[in-house]
Every structure is written in C-alpha cells, then in structure tokens.
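Numbering (full-length UniProt numbering), first residue to last: 1 to 605.
All remarks here apply to the structure that follows.
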C-alpha cells in the first residue's frame, strides 16, 4: 500500500472532523450563549530521509498524513438582543455565569484555589427565570449562583446597614439566589437623621412673639436682651438693616430747659462708647444716657401670643421732651419730634418680626408609622462684617427648636429641644453638634449641620430651603419591581420608595477558557489534568469577576438582554466550503492512490 493512499485517507477523516465541527456551529447559529469551535489540524507524523543527500543544507523531511490538533473554543462575544424577560440578562466580557443542581450548595473562591460542595457548571446563556420557590434558575432547572445577602426571611425583607451590604457584596462565597414575589419590606425605626439647609435671613420672617414668649405668654427676658437689632424686621417685612442704618439720633430736654443731643451707633458694644449691638445694649444706653426705658411689650396685654412692640417710656415723674430719628427709628416706627414723655405715656414701635425658617422631615417608629420631625429656626445674631475680629458676635447665629409631631392630630409627642447653631464666616458652613431627641422611648440622633451629601449653609444669594434630608428609618413597603445593575447587583424596589440590594449575580473567569469542557445543554465544566506532575484544573483556578472594591473586572451585566451565538454565519459557510473542497481533493488523491495500486497489480499479468 503506497503512502498516497494513507495520506489521502487521513485527509478525508480529518476534513470530515472539520466539516462536523463547522456544521455544528451552523446548527447552533441561533442558540443563546453558544460558543463556536474552530477546528485545527496538524501533521500526523514525519520521518527524515538520511539516504537522500544527507550532507545537504535542505531538510529531507517526509510527512505522513494529517490529523485534528484541536477544536478550539472561540471566546469572542456574540450579539446582544433586547429581551422582555424579568430575569433575562447577558454578560458582556470575559467570564461565565455559575449554575448548579443543588439549591443548598455553595462554591468558595480563594486567591490560591476554590472549594465546593457540589458540581457546578458554567454558561453564557442568561435566559433565567424563577421557579415556584422563587429561586433563580435556568430553563433546565439548574440554580443560578451568586452572593445572597440573606435579607429575606418568611416573605419579609429586613434592611441592613449600607456599609454592611457593600462589604458582603464583595464576598467570595456563591450560593443559589432566591427572590420571592410575595415580599414585604420590614419597617425600620428612625435612629439617625441628618438635614442640610440654607438659611437666608431676608427670605422668611415671623412675628417675634413666637420666639420671645413662652408657653404661658410671658416674655423671655434673656432672649430679648441678647437679640441682635440687625436680626429684626418691621411689620412690612422690611429688615432693619442696621449695618446701613447705623445711627440713632436722640435729643433730650428736661424741665430745667437743658438740652442734650446724643448719637447711638450700631456696632461693637465692646469697642466704643454709645455703641450697641443687641436690644440689651440699647436698653442700657437709653437708661444710662437718657433715663428712659426701652422695653418689649405685648400689643394686647391680656392676650397669650399677640404681636410684640418696642416701647420707649419715661419711668420718672418729671416730663421729658424727646426726639428720635435715624434709619433704625424709621424702620421701627419710633420716630419722634419734640414728643413730651410723661409717666404712663410711651412711644411704641410697629410690630416686630425676626428672620425665621422651618423644616419638616418624615421619620418612622418600629411599626412603620410616620411622624414629623420639625425644626424652627430663629435668627438671633447677624453676621456684621464691620465687627472686630475678637467679637464673640461676629458670625451669624440661629436658635433652633426641634420636636416630633404626630401627623394624625398635629400635636407634639415630646418636649422641644433647643440648639444654638452658628456659621463659619469664611466657608459659610454650619457649626453644630448632634442633638438627641426622645422618640417614643428611643433615642433619635439629629444633626442639623449636614445630610448625607450636603452641608448646611447661610448663603445670601440662595433662598432659605431644605437641601436634603437623610435618615435610616423606613416605613412598611410592598415589593414592586426588580432591577439588575451593570455590576450584577440585584436591587428590589418597594412601594415605600426604598430600593434595597439583596443579591449579586455570580461571575467567574478563567485564565485558560480552552481548558473548559462542553457537556451539552449550553453548559461547560472545569476538567482536571496533570500539569507539571500536578493534578489541577486545565482552565486554571476560577477567578471572581469583581475586585476588592466590588467592581466587575472583566465585563458588565446587561439586564433584559440576551447574548446570541457567536457564530459568524458568513465565515462559517465559507470555511465549510473550504473544508468540503479539502475533503473532495483528498478523496481524489485517495482515488489516485488506488489507481496506482491497481497498476502495480496489473504488472503481474
């Protein structure tokens, strides 16, 4: 038998292998997640013809036949087509979904190896769904593995801290994922609240009686005395603007005919004579320099919370002729020209107001019932840029009253807590320590200076407004929707507006995907072999798809997409024709070899 016959026979067999591989690719051109194979050939064996001019610089090799060297797995991605399946997804990049037959199984991936309790398989087909128990499964019933945060128990999702969730989502132990449909969100008690506000003293004003009167309708003298005059406004909602209107011009004439002219100036009371900052400072100047009293009075004596007025009165029996002018007097309606002040006669201002703002934040008790955390801001000191650097009153200051209200009957459920907050004159950020409120027997930590993403400020070019409120409490909710992010994190959306992460789709990658073995059904598995005398996976150990920060390293998840086969139909048909031609040529060569043998046999005749 001549070599031509043997070579042609091996060519026929090998090209048949190639045709089988390519036709299988074409057959799976519409199979989800299918990875095509590329057949590769090699020479069967060869010999060296030493008898033919052994000293020649030309190699005298003689090759015999051909055989398949491999059926290489193609790792290029397929196309991605939209899908309406709730749990349909595709993975774009290097890596595989992890599945297994055991719903109680798990696989742990370490840097130097892995351990598992059952067989696990790999697939690129992401046409997943839920079974009757809510487990995420393939159409064949294999369980989809990933990171399960174990938040769901008996149909209820129990929220955990965000930092705790993030840490667990970076984990290395994969297990079957379960997401029931009939699911409620367990209420979470509010224990921490942070808000950020911008306070503009010219934006909102309120009657001074709400700040200067207690619950019994009595004037709180300390607040009156410490109130910055520049933190007042009149009943026309016009700020006093004492920085512009600094001077009060006063003329006093008693019965002896002696006249005295005085000028009181708004500024730093610690800095110079006849200067005032607060109502207390001005009251002291009036008493010491003129003998007159400056008081805060109720417009209706017997009313509990009427508008408040400033009163200039003569406490003595001796009449005083009194004149008062200047910007502050104009704004307050205290102007007087030769007015005779006798005992029992006074000069009253218009009703006074102070800068004010209020916020309201929803909080929740253990049962998920909503309450309102309300804060009322009253400005007590303005930011005077002309104050001395050592003045204790330089920065803007507000007093804040905070309390919790039952929204059903609009009544407070706790005693109010007062807090003094200030602002840094350079950064305009609030300086305040957290306060603690009693919330139905539980402690509620309340921060006024910042929320999760913003700081409180006193920017004059912005309106007073609540910038953001962040808190850890949640009301009860019903499961409404599910979303899968590009990093594979599965989050559930509830009717209470909460979006909570519950799991992460498992992704494994390998150094050598060619070491994986197809087992049918669009599945692959790891196979072991001897490498350098050591029994180990031919693909290399599995590698987690995410890094220590939780970011996918090799690709991304595309929710509501499916990956099609990566077979290029044009290339597959072209290669099939080439393979077919190769088969035909080898068949002809086989025929030629057969004819040669026949000729040799016929020589015998």
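Quick reminder that beta carbons are idealized off the backbone N, C-alpha and C, glycines included.
Since the model is a prediction, treat every value here as computed from it, not as a measurement.
- Within the model, the alpha-carbon separation for residue 210 versus residue 413 is close to 19 Å.
- The alpha-carbon of residue 312 is positioned some 6 Å away from that of residue 293.
- If you check the CB distance, residue 473 and residue 188 come in under 8 Å.
- In this structure, residue 66 and residue 14 form a Cβ contact; the two beta carbons are roughly 5 Å apart against a cut-off of 8 Å.
- Residue 510 sits in coil when the DSSP states are folded into three classes, being neither helix nor strand.
- With contact defined as three or more Cβ pairs closer than 8 Å, the region 539 to 551 and the region 571 to 590 are not in contact.
- With a 10 Å radius around the Cβ and a threshold of 16 neighbouring Cβ atoms, residue 602 comes out exposed.
- Remark: C-beta atoms of residue 191 and residue 445 approach each other more closely than 8 Å.
- Excluding residues up to 5 positions away in sequence, 64 lie with their Cβ nearer than 7 Å to the Cβ of residue 45 in the same chain.
- Per the coordinates, the alpha-carbon of residue 517 lies some 28 Å from the alpha-carbon of residue 489.
- Rounded to whole angstroms, residue 550 and residue 504 show a C-alpha spacing of 10 Å.
- As a beta-bridge residue in DSSP terms, residue 249 pairs with 263 and 325.
- Secondary structure at residue 283: helix, using DSSP grouped into helix, strand and coil.
- Restricting attention to 364, 79 and 253, the CA atom closest to the CA of residue 439 is found in 364.
- Around the beta carbon of residue 548, fewer than 16 other beta carbons lie within 10 angstroms, which makes this residue exposed.
- Judged by DSSP in its simplified three-state form, residue 26 adopts helix.
- Beta-bridge annotation (DSSP): residue 90 is paired with 558.
- Under the Cβ criterion (8 Å, minimum of three pairs), the region 353 to 367 counts as touching the region 228 to 240.
- The beta-carbon distance between residue 100 and residue 118, rounded to whole angstroms, is 6 Å. This is short enough to meet the 8 Å contact definition.
- Residue 274 is a Cβ neighbour of residue 264, given a cutoff of 8 Å.
- Closest option to residue 396, judged by alpha-carbon separation, among 16, 202 and 36: 202.
- In the structure shown, the three-state DSSP call for residue 549 is coil.
- The region 456 to 465 makes no contact with the region 131 to 144; the number of CB pairs closer than 8 Å stays below 3.
- Under the three-state reduction of DSSP, residue 40 is assigned to strand.
- Classified as exposed, residue 588 has fewer than 16 neighbouring CB atoms from the shown chains inside 10 Å of its CB.
- Along the region 447 to 523, the beta strand (DSSP E) occurs as fully enclosed runs of 3 or more residues at 465 to 471, 477 to 484, 489 to 494, 499 to 505, 507 to 509 and 516 to 520, listed in sequence order.
- In this chain, the alpha helix (DSSP H) harbouring residue 569 covers 569 to 602.
- With a cutoff of 8 Å on beta-carbon distance, residue 425 and residue 197 are scored as not near each other.
- Counting the other CB atoms within 10 Å of its CB gives residue 430 a total of 16 or more, which places it among the buried residues.
- In this structure, residue 32 keeps its C-beta atom at 8 Å or more from the C-beta atom of residue 506.
- Exposed is the label assigned to residue 110, since fewer than 16 other Cβ atoms lie within 10 Å of its Cβ.
- Excluding five sequence positions before and after residue 432, the CB atoms of its chain that fall closer than 6 Å to its own CB belong to 421, 448 and 449, given in chain order.
- Residue range 308 to 313 is occupied by the beta strand (DSSP E) that includes residue 311.
- Comparing alpha carbon positions, the residue from 176, 168, 184 and 254 closest to residue 158 is 184.
- When DSSP reads this structure, residue 372 sits in a beta bridge with 362 and 405.
- Secondary structure of residue 195 (DSSP, three-state): strand.
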